[in-house]
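Trainee: Start counting the sequence shown at 1035; every next residue gets the next number (my numbering).
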Amino acid sequence: MNKQELFEQIKGQMIISCQAIPGEPLYVEEKSVMYLMARAAKMAGTPAIRTSSIRDVAAIKEETGLPVIGLVKIQYPGFESYITPTMKEVDELVAVGSDVIALDCTLCARGDGKTVNEFIKEVRQKYPDAILMADISNYEEGINAWKLGMDIVGTTMSGYTADSPHMDGPDYELVSRLSKTVDVPVIGEGKIHYPDQAVKMLDAGAFAIVVGGAITRPLEIANRFMDAVKNR
1035 MNKQELFEQI KGQMIISCQA IPGEPLYVEE KSVMYLMARA AKMAGTPAIR TSSIRDVAAI
1095 KEETGLPVIG LVKIQYPGFE SYITPTMKEV DELVAVGSDV IALDCTLCAR GDGKTVNEFI
1155 KEVRQKYPDA ILMADISNYE EGINAWKLGM DIVGTTMSGY TADSPHMDGP DYELVSRLSK
1215 TVDVPVIGEG KIHYPDQAVK MLDAGAFAIV VGGAITRPLE IANRFMDAVK NR
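(1) In this structure, what does DSSP give as the bridge partners for Thr1085?
(2) Is it the case that the Cβ atoms of Leu1060 and Ile1165 are separated by a distance below 8 Å?
(3) Thinking just about the alpha-carbon of each residue, which of Met1077, Val1209, Thr1215, Glu1063 is nearest to the one in Val1233?
(4) Where does Ser1051 sit, in a helix, a strand or coil, going by DSSP?
(5) List the whole-angstrom C-beta distance separating Ser1051 from Gly1203, where the pair is believed to meet the contact cut-off of C-beta under 8 Å.
(6) For Thr1190, which of Lys1095, Gly1057, Ile1243, Ala1129 has the nearest alpha-carbon?
(7) Could you check what DSSP says for Met1167 in three-state terms: helix, strand or coil?
(8) Excluding sequence positions up to five away, which residues of its chain have a Cβ less than 6 Å from the Cβ of Thr1069?
(9) Could you please give the first and the last residue of the uninterrupted alpha helix (DSSP H) stretch that includes Gly1176?
(10) Hey, how far is the Cα of Met1235 from the Cα of Tyr1206?
(11) Within 10 angstroms of the Cβ of Asn1036, are there 16 or more other Cβ atoms? Answer buried if so, exposed if not.
(12) Please check the pair Ile1135 and Pro1119, which I expect to be a contact at CB under 8 Å, by giving their CB distance rounded to whole angstroms.
(13) Pick out whichever of Thr1250, Ile1186, Ile1221 has its Cα sitting closest to the Cα of Ala1238.
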């Protein structure tokens, strides 16, 4: 699937994020189980899956046959960024057949001394045909990623960096501003907890949206219900 075909498939749709990292209930050390979540997501009609780790990219592609937005979450000393932060993770995602590679394109500190611009230029030089998604937290980072030639800009990190507003819900304003400025798909992602918020994200101008925790993180879902009951 080329870039244009992918864009046509996801336009106006909800991509489901199926992720589990060490310490979470659905993370199993011995093997991937996220393909089961991805199976449910496919049955629900999602056009693509977003997932973390090499093993989950491979397992979900085999299970669903859907395009996968792949990333690797890893924390290195000196790095504030943790989503596909170095070329090592990019190489691994390319090798396993990730259809889109998501990278941290915030202005957070990098332990290798490189700027995000330098790193992205290296990635693009090494993999000129790869479809790259920029995970950003604010408008300036989104514009910067667009100017760097990223194929997709996602609001994934809004609310998770010191340079972005901390809200309980989605950053509709960021989606709206970016979608009016850049000429690449803007993916609305982050803190979409309810169906009406998903619809509002698309109405704000998102090309497509990504929903994860509200669907595929049972502890997060259970806690939301428990908190509501306790605080009634």
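Note that the Cβ used here is the ideal one computed from N, Cα and C, for glycine as well.
What you are looking at is a predicted structure, and each value in this text was computed from that prediction instead of being measured.
Mentor: Result, derived from the coordinates:
(1) Indexing the sequence shown from 1 puts residue 1085 at position 51. According to DSSP, which records beta bridges pairwise, Thr1085 is partnered with Gly1104.
(2) Locating residue 1060 in the sequence shown gives position 26, where the first residue counts as 1. Locating residue 1165 in the sequence shown gives position 131, where the first residue counts as 1. Not a contact, by the Cβ cut-off of 8 Å.
(3) Your numbering for residue 1233 matches position 199 in the sequence shown. The residue with the shortest Cα to Cα distance from Val1233 is Val1209.
(4) Numbered from 1 along the sequence shown, position 17 holds the residue referred to as residue 1051. Note: Ser1051 maps to strand in three-state DSSP.
(5) As a position in the sequence shown, residue 1051 is number 17, starting the count at 1. As a position in the sequence shown, residue 1203 is number 169, starting the count at 1. Wrong, their Cβ atoms sit about 17 Å apart, outside the cutoff.
(6) Residue numbering aside, residue 1190 sits at position 156 when the sequence shown is read from its first letter. With distances taken between Cα atoms, Thr1190 lies closest to Ile1243.
(7) Position 133 of the sequence shown, counting from 1, holds the residue named residue 1167. Three-state result, Met1167: strand.
(8) As a working mapping, residue 1069 is identified with position 35 in the sequence shown. It should be noted that the sequence gives Tyr, not Thr, for residue 1069. Hits under 6 Å: Ala1093, Ile1094, Glu1097.
(9) Sequence index remark: in the sequence shown, residue 1176 carries index 142 (1-based). Gly1176 -> alpha helix (DSSP H) spans 1173-1181.
(10) Within the sequence shown, numbered from 1, the residue matching residue 1235 stands at position 201. Within the sequence shown, numbered from 1, the residue matching residue 1206 stands at position 172. The C-alpha of Tyr1206 is placed about 6 Å away from the C-alpha of Met1235.
(11) In the sequence shown, residue 1036 corresponds to position 2, counting from 1. Label assigned to Asn1036: exposed.
(12) Start at 1 with the first residue of the sequence shown, and residue 1135 comes out as number 101. Start at 1 with the first residue of the sequence shown, and residue 1119 comes out as number 85. Incorrect: roughly 12 Å between the Cβ atoms, too far for contact.
(13) As a position in the sequence shown, residue 1238 is number 204, starting the count at 1. If we check each option's Cα against that of Ala1238, Ile1221 comes out closest.
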